[in-house]
Amino acid sequence: GSYCKHLKKPVYATAVLHEALAHHTFTKDYISDYRCVLPDDEPVRIRLRVDIPEEDLPLVSHFIVPHDATQTVGYYIEWSGVSFFLMTDAGRVTDEAVEYARKADTVVFESNYDSGMLIGGPYTHELKMRIC
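Just add 4 to wherever you are in the sequence shown, counting from 1, and you've got the working numbering.
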């Protein structure tokens, strides 16, 4: 919410995630004016500034990242002849993510696992077994 309230920048996200943000306590009062929905099955050009021609804007594709949260996604970005793959907090890596990573010039991938935190944490037995 404070991102939108103070920075007044567009928020690019899937329709599912925007729906969740529209009802969340901390974002519901601010998100609607900055909502930019990423299409489900096609890349989108992200507007950086009004003086940049459409064909020179970054082309952004997204893909689902399996995780225990509302529709988390990773990104594949093409801009000025280079490509970039970004995937964080990955529960597992899908075939689609692998394909994007293979064709990217640069890959940023983050995932973590802390067995002590998992075992001692407030997680259900089923979740602990799935993650282990």
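Glycine included, each C-beta is placed from N, C-alpha and C at the ideal position.
*Which of helix, strand or coil DSSP assigns to alanine 73*: Here alanine 73 sits in coil by DSSP.
*glutamate 143 and threonine 92 closer than 7 Å at C-beta*: This structure does not reach residue 143, given that the chain is present from 5 up to 136, and the question cannot be answered.
*Helix, strand or coil: how does DSSP classify arginine 39 here?*
Note: arginine 39 maps to strand in three-state DSSP.
_Is the separation between the beta-carbon of cysteine 40 and that of tyrosine 16 shorter than 7 Å?_
Cβ atoms of cysteine 40 and tyrosine 16: closer than 7 Å.
_Residue closest to threonine 74, alpha-carbon to alpha-carbon, out of Leu122, His28, His129 and Leu131_ = Checked all of Leu122, His28, His129 and Leu131; the closest Cα to threonine 74 is His28.
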